Amino acid sequence: MHKLSARNPARAALAALACAFLTSAPAGGSAPKDVAFDAPPDALAPLTPEMATLDPLATEARCRSFLAALYHRHRALRSNPAWAPDDPATGPLEWVLEAFFTLPPASPGVRAADAAAGDLTRAYLDAFGPGNQADALFHDPLYRNDKSVCDGVLGLPQD
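Residue numbers (numbering that gives the first Met the number 0): 0 to 158.
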């Protein structure tokens, strides 16, 4: 028996398993084609005032994700070289900058609710669609609904 396996049988078993895995891996080193990486989040249900009263911490966490998604969208629109700095399509999102940077830090309960909910910022960005359709955002029912609920939760300024 080898010295390594005599001293630590668990390590020897792990080394044997790794060796077997590496010898059976595909030659190209690529992952199998049926493996899904970073699955998209489920569709968001619109926020309701009842949700806000039943679980205020989860609602605040979701509203913070809503605001973060709008901030990222605003940054993407502003950094697009095809858009002029004074383009009216980004004008209605100017309130996001002030709201995003003046929002106080989240409480531990809100941070826990945010961690439990998953990546809602990405879910909002996916739900809002491509960033090159800035005008469509303001007619989106999810945006209008969640903005009205989050106005009361976070005290957001009007568009």
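Every residue, glycine too, gets a C-beta built ideally from N, C-alpha and C. Just so it is clear, the structure is predicted and the values come from calculations on it, not from any experiment.
With a 10 Å radius around the Cβ and a threshold of 16 neighbouring Cβ atoms, R77 comes out exposed. Proximity of the segment 47 to 56 to the segment 94 to 104 falls short of the contact definition, fewer than three beta-carbon pairs being nearer than 8 Å. Assignment of T47 by DSSP, reduced to helix, strand and coil, places it in the coil class. Rounded to the nearest whole angstrom, the CA to CA distance from A60 to A126 is 17 Å. For A114, the closest C-alpha among the options A44, S64 and T52 is that of S64. In terms of CA proximity to L136, Y70 leads the group A112, Y70, S106 and L153. By the Cβ neighbour-count rule, L124 is buried, with 16 or more other Cβ atoms within 10 Å of its own.
Check the Cα spacing between L119 and each of A68, P107 and S147: the tightest is with A68.
Pairing G108 with L66 gives a Cβ-Cβ distance that is not under 8 Å. Under the 10 Å beta carbon count, H138 is surrounded by fewer than 16 other beta carbons and is classified as exposed. Contact check for H73 against L96 passes: the beta carbons are separated by less than 8 Å. Taken atom to atom, the span from the alpha-carbon of L153 to that of C62 is near 7 Å. Counting other Cβ atoms within 10 Å of its Cβ, A81 stays below 16 and is therefore classed as exposed. Here L155 is near A98, since their CB atoms are less than 8 Å apart.
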